[in-house]
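Down below is the structure, laid out as structure tokens.
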Amino acid sequence: MIKELESLKPLSSPKCCIYKVPDPLRKLNEEAYTPQVISIGPFHHGDEKLQTMEKYKVRYLKEFMERVKIDLENLVRVIEDSEESVRQCYAEIIPLSRYDFLKMILVDASFIVELFVRNWRGGSAWTPDDR
7 MIKELESLKP
17 LSSPKCCIYK
27 VPDPLRKLNE
37 EAYTPQVISI
47 GPFHHGDEKL
57 QTMEKYKVRY
67 LKEFMERVKI
77 DLENLVRVIE
87 DSEESVRQCY
97 AEIIPLSRYD
107 FLKMILVDAS
117 FIVELFVRNW
127 RGGSAWTPDD
137 R
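So the sequence shown is numbered by the working numbering: it starts at 7 and just counts up by one.
Dropping the structure here:
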């Protein structure tokens, strides 16, 4: 029994910091734990109800790249180099292909950064094109 206990591996990576809400807690108030407007990350990625915002996230990616003067190829390379580390942040295995996972991280991360920068600058996060 001691050998068996000592041979147990952790259930997740030490880098793990992103978890799904446990079902018993989620069932108490599903609406509180379900995105209503936008999906960030893999858990609700692809949800048809949230697809309207995807075009805005892609627009924010484009504007992020223009603002920081980086091309898509270099940005993708940075994310590719971090893929395994990012995947290890999740408690569950993310069943997205490498391409879909990298695209999701690229679009979602640039959206979050661009949204924060716009708010930090004191202006509205939304441009006339967003309305």
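Note that CB positions come from ideal geometry on N, CA and C, so glycine has one too.
Only a predicted model underlies this, so the values are computations on that prediction, with no experimental measurement involved.
From residue i to residue j, what distance separates their C-alpha atoms?
i, j, result
"arginine 32", "phenylalanine 49", "14 angstroms"
"isoleucine 44", "serine 13", "42 angstroms"
"valine 84", "tyrosine 62", "22 angstroms"
"valine 119", "leucine 11", "43 angstroms"
"arginine 5", "aspartate 29", "The requested residue 5 does not occur in the structure, where the chain is confined to residues 7 to 137."
"glutamine 42", "glutamate 60", "13 angstroms"
"alanine 38", "isoleucine 8", "43 angstroms"
"phenylalanine 107", "valine 82", "11 angstroms"
Could you tell me which residues DSSP puts in a beta bridge with residue i?
i, result
"isoleucine 24", "Tyr96"
Assuming residue i contacts residue j under a Cβ cut-off of 8 angstroms, what Cβ separation, rounded to an integer in Å, is found between them?
i, j, result
"phenylalanine 117", "leucine 67", "7 angstroms"
Output yes if chain C places a C-beta closer than 8 angstroms to the C-beta of residue i; else output no.
i, result
"threonine 58", "No chain C appears in this structure, which consists of one protein chain only."
TODO: List in chain order: all unbroken alpha helix (DSSP H) runs of 4+ residues lying wholly within the region 66 to 116.
DONE: Counting only unbroken stretches of 4 or more residues, the alpha helix (DSSP H) elements lying wholly within the region 66 to 116 are 78 to 93, in sequence order.
TODO: Decide if the region 105 to 118 is in contact with the region 83 to 93; the criterion is three or more beta carbon pairs, one per stretch, under 8 angstroms apart.
DONE: With a cut-off of 8 angstroms on Cβ pairs, the region 105 to 118 is in contact with the region 83 to 93, counting three or more such pairs.
Open item on the list: Across the region 21 to 39 and the region 74 to 85, are there enough close Cβ pairs to call them in contact, namely three or more that are closer than 8 angstroms?
Closed with: Not touching, per the Cβ criterion.
Open item on the list: Restricting to runs no shorter than 4 residues, where is the alpha helix (DSSP H) found entirely within the region 19 to 63?
Closed with: Taking only runs of at least 4 residues, the alpha helix (DSSP H) segments lying wholly in the region 19 to 63 are 29 to 34.
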